[in-house]
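> Every position in the sequence shown, counted from 1, becomes a number in our numbering once 2 is added.
The C-beta atom is built at its ideal place from N, Cα and C for all residues, glycine as well.
Below: one structure in structure tokens.
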Amino acid sequence: MKTNIYACLLAGGKGTRLWPLSTERFSKSFVRIGKRKPLIVETIDRLRGLAGKKNVIIVVDKAQSRLLRKSVKGIPQRNILVEPFGRSTASAIGLAAIKLKADDIMVVLPTDALIKESSAFRKTIKSAIKFVKDNENVLLCIGIKPKSPSTAYGYIKIKSRRQGIVYSVDKFIEKPDAKKATELIKKPKYLWNAGMFVFRVKSILRAMKANSPLLYKELQRIKRKNKDKEKAYKRMKNVSIDYQIMEKTKNLYCAKGNFRWCDLGSWNSMGELLKSDRNGNLCFGKSTLMNTKDSIVYNSKNKDLGIIGLKNVIVVQTRNGMLVCDKKDAEQVKDLVTSLK
């Protein structure tokens with residue numbers, strides 16, 4: 003039986019930590035900075051040699067479906083799966099899985115990450131696909147070697163090597179505090195969890211049935227009767243694929259990615275996109291800084307932004323709003339968004 007490879011791109015999410023650049027109706031996936039393409043378009047371009055556009059499936063919530071169709075060209079309409087509302091990565095991945103055949107292989111990718119060295123990325127994914135082809139009923143995640151003691155990412159602890167860059171998995175570690183993160187990056191067996199997965203359709207559905215029976219039941223309900231999708235989604239847990247499935251399964255493996263990766267999860271990650279000036283400031287747009295150091299200044303409006311005498315701050319001005327905060331509080335922006343509602 004022929005094995006087809008499908009790239010499943012997750013384009014939902016609210017992007018609250020990158021507010022006001024991203025919002026509920028304009029997630030990080032559609033953000034473009036400077037002359038760069040939107041992140042989702044960059045993700046599709048990176049798939050050349052792995053999956054053609056007819057084998058790209060995009061899962062997006064209803065609020066952003068129109069934006070997706072404007073941003074992305076060449077993807078068949080049947081391959082755009084619209085969720086009634088954003089739920090979780092588990093729900094989005096399951097929605098794609100029930101549309102495919104049992105032996106099809108899914109390469110699940112978020113669309114809000116910055117990846118450099120595309121050739122190394124493709125090499126990693128090809129090794130992951132080969133492992134899934136060669137081994138029955140396995141689930142595989144992608145881990146990235148940490149380059150800093152980040153508290154923004156979860157970690158994966160790997161064990162013994164199984165095949166090439168693929169290792170067995172010991173456990174997942176939730177986002178650590180600064181002290182713990184500093185300890186983890188000194189140990190070669192701890193990798194960043196990039197939120198990328200490779201598996202056969204039948205393997206992930208089998209794991210869902212065993213570890214999250216409610217999710218599996220509702221997905222089968224959607225498969226039988228698509229018009230009940232909204233009711234099914236309301237009954238699903240808003241819990242990620244990591245918590246619902248991956249942390250519970252015994253057949254999980256990890257491919258060690260050898261490429262530079264950055265999840266644009268907060269304003270502090272802008273260092274991957276913007277160049278710093280002689281005072282350590284990262285700036286985009288029209289701005290004038292005086293006696294200001296080690297700050298992030300982002301201005302997407304065609305109006306001057308002036309800043310005097312600040313240090314280690316984030317100042318953002320977009321058509322959606324304005325943000326001013328200390329860099330150490332960047333992870334709390336999502337709590338601010340909740341308060342603004």
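Identify every residue that forms a DSSP beta bridge with residue 202.
In DSSP, residue 202 forms a bridge with 107.
> In or out: residue 150 buried (at least 16 other Cβ within 10 Å) or exposed?
Exposed: under 16 other Cβ atoms inside 10 Å.
> Are residue 158 and residue 198 touching if we call contact CB-CB under 8 Å?
Cβ distance not < 8 Å, so residue 158 and residue 198 don't count as in contact.
> Just tell me which of 241, 128, 219 has its CA closest to the CA of residue 231.
That would be 219, whose Cα lies nearest to the Cα of residue 231.
> I need the DSSP call for residue 155, collapsed to helix, strand or coil.
Coil at residue 155, not helix or strand.
> Buried or exposed: where does residue 201 fall if 16 or more other Cβ atoms within 10 Å of its Cβ makes it buried?
By the neighbour-count rule (16 or more Cβ atoms within 10 Å), residue 201 is buried.
> DSSP state of residue 290, grouped into three classes?
Three-state result, residue 290: strand.
> Identify, in the order they occur along the chain, each residue of the same chain with its Cβ nearer than 8 Å to the Cβ of residue 8, setting aside the five sequence neighbours on each side.
Once the five neighbours on either side are set aside, the close Cβ partners of residue 8 are 53, 57, 58, 59, 98, 102, 106, 107, 108, 109.
> What are the start and end residues of the beta strand (DSSP E) that includes residue 170?
Counting along the chain, the beta strand (DSSP E) containing residue 170 begins and ends at 168-175.
> At what residues does the beta strand (DSSP E) containing residue 317 begin and finish?
Taken as a continuous stretch (DSSP letters only), the beta strand (DSSP E) holding residue 317 covers 315-320.
> So is residue 246 buried or exposed if we call it buried at 16+ other beta carbons inside 10 Å?
By the neighbour-count rule (16 or more Cβ atoms within 10 Å), residue 246 is buried.
> Considering residue 236, what are the terminal residues of the alpha helix (DSSP H) in which it resides?
Looking at the DSSP string, the run of the alpha helix (DSSP H) that includes residue 236 is 231-237.
> Along the chain, where does the alpha helix (DSSP H) that runs through residue 217 open and close?
215-226 is the extent of the alpha helix (DSSP H) around residue 217.
> Give me whichever residues DSSP pairs with residue 66 in a beta bridge.
Residue 66 pairs with nothing; no bridge assigned.
> Can the beta-carbon of residue 22 be found closer than 8 Å to that of residue 33?
No, these two residues do not count as a Cβ contact at 8 Å.
> DSSP puts residue 194 in a beta bridge; with which residues?
BP columns for residue 194 point to 146, 157.
> Mind the definition here: the segment 172-185 touches the segment 73-92 only if three or more C-beta pairs lie below 8 Å; say whether that holds.
Result no; under three Cβ-Cβ pairs closer than 8 Å.
> Can you tell me whether residue 114 is buried or exposed? The criterion is at least 16 other CB atoms within 10 Å of its CB, across all chains shown.
When all chains shown are included, residue 114 counts as buried.
> Identify which residue in 235, 153, 270, 146 has its Cα closest to the Cα of residue 260.
Here the closest residue by C-alpha is 146.
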